[in-house]
Amino acid sequence: MHIRLSVVDPLGSGPDAAPGGGGAAPGADVLVTAPAGTALAAVASGLVAAVAGGDAPSTVLYAGTERLDPQRCLLGEPPLTDGAVLSLGAPTDPGPEPDAADAQLHVVAGPDAGGVHLLHGGQIRVGRSADADVPLDDPDVSRLHCAVTLTADGRVTVADLGSTNGTRVDGRPVGERPVRLAPGALLRLGESALRVAVAGDAARPAPLRTVPDGEGHVRVTPRGGPADGPDGTPPSPAPGPGTDPDASTQHAYGDAAWGEPGVPGHGEARPVVPGQGGAPDA
Numbered sequence: 064m065h066i067r068l069s070v071v072d073p074l075g076s077g078p079d080a081a082p083g084g085g086g087a088a089p090g091a092d093v094l095v096t097a098p099a100g101t102a103l104a105a106v107a108s109g110l111v112a113a114v115a116g117g118d119a120p121s122t123v124l125y126a127g128t129e130r131l132d133p134q135r136c137l138l139g140e141p142p143l144t145d146g147a148v149l150s151l152g153a154p155t156d157p158g159p160e161p162d163a164a165d166a167q168l169h170v171v172a173g174p175d176a177g178g179v180h181l182l183h184g185g186q187i188r189v190g191r192s193a194d195a196d197v198p199l200d201d202p203d204v205s206r207l208h209c210a211v212t213l214t215a216d217g218r219v220t221v222a223d224l225g226s227t228n229g230t231r232v233d234g235r236p237v238g239e240r241p242v243r244l245a246p247g248a249l250l251r252l253g254e255s256a257l258r259v260a261v262a263g264d265a266a267r268p269a270p271l272r273t274v275p276d277g278e279g280h281v282r283v284t285p286r287g288g289p290a291d292g293p294d295g296t297p298p299s300p301a302p303g304p305g306t307d308p309d310a311s312t313q314h315a316y317g318d319a320a321w322g323e324p325g326v327p328g329h330g331e332a333r334p335v336v337p338g339q340g341g342a343p344d345a
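Counted the way our numbering counts, the sequence shown spans residues 64 to 345.
What follows is the structure, encoded as structure tokens:
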């Protein structure tokens, strides 16, 4: 399993650092390689050393305002998922509330499902490259795949940037000429799907149910499906002879409408096998 963690030191001695996370704290991006389910304690010293140096003493780690228990927090499970930001010795200020942005770009399917990116106006580029404003860890997405623009009047458009596998909106191909991306429309690139929600719009997606997959990401189940109750919450499981605790978990790919309620995926189903790796390495 490989997950990327950003480590910051809000109590560091950098010129812009300040107690409590104010200003720009010293930090480092760390690629952690470890078997799924590894305790944070196995790599904590390496994370601290990446920012504070090799002789740094043992330090408490935080994810936002949450103090992490190094023995009970497992790599690959929230909050230690791919892209998490950890701080040394002190909690960091929570980020802005999603409603503070003019619009939101929700990743609803693919390796980065569950992500929410804030749009404050102007153009942002979506792609696999670290240079993208919205990076997606999807091998079928081009380095700079498409551009999403929030105009001054609140309209959102999308244009393809010469991608290899193309860009689609609700199943229709998108070229280099910008087309409107209406709130709730499904933007498909590679194996990833995104939806946009404009501030104050009734089409803003409801919070999604997420379940850790143990591989550094989370599985996302849209609300409002046939199995949900009237309030959008999943019904309580009823134990009975129809429940098989040994049933295998499988996944398959879908078409451009994948992610729409009532639209099944297709393709060859394969069992999900937990990743295996060598000794932890931070």
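Using N, Cα and C, we set each Cβ at its ideal position, and we do this for glycine too.
- Taking G238 as the centre and dropping the five residues before and after it, the same chain places the C-beta of A222 and D223 closer than 8 Å to its C-beta, in chain order.
- Per DSSP, G185 is one residue of the beta strand (DSSP E) stretching across G185 to G190.
- Between L94 and R67 a beta carbon distance of about 6 Å is seen, short of the 8 Å cut, so the two are scored as contacting.
- Residue pairing by DSSP puts S69 in a beta bridge opposite D92 and V148.
- For the 9 Å CB-CB criterion, A126 and L151 do not form a contact.
- DSSP, read as helix, strand or coil, puts S255 in strand.
- Within the same chain, H180, L182, V197, V211, L257 and V259 come within 7 Å of L168 by CB-CB distance, once the 5 residues on both sides are set aside.
- With at least 16 other beta carbons inside 10 angstroms of its own, G139 counts as buried.
- Straight through space, the alpha carbons of V70 and A193 are spaced by roughly 17 Å.
- In this structure, D201 is the residue among Q186, I187 and D201 with its C-alpha nearest to the C-alpha of A176.
- The region 185 to 240 is shown to contain whole beta strand (DSSP E) runs of 3 or more residues at 185 to 190, 209 to 213, 219 to 223, 230 to 232 and 235 to 237, in chain order.
- Under the three-state reduction of DSSP output, L182 falls in the strand class.
- Only buried fits G178, as 16 or more other CB atoms lie within 10 angstroms of its CB.
- Counting other Cβ atoms within 10 Å of its Cβ, T122 reaches 16 or more and is therefore classed as buried.
- Taken atom to atom, the span from the alpha-carbon of L207 to that of A113 is near 29 Å.
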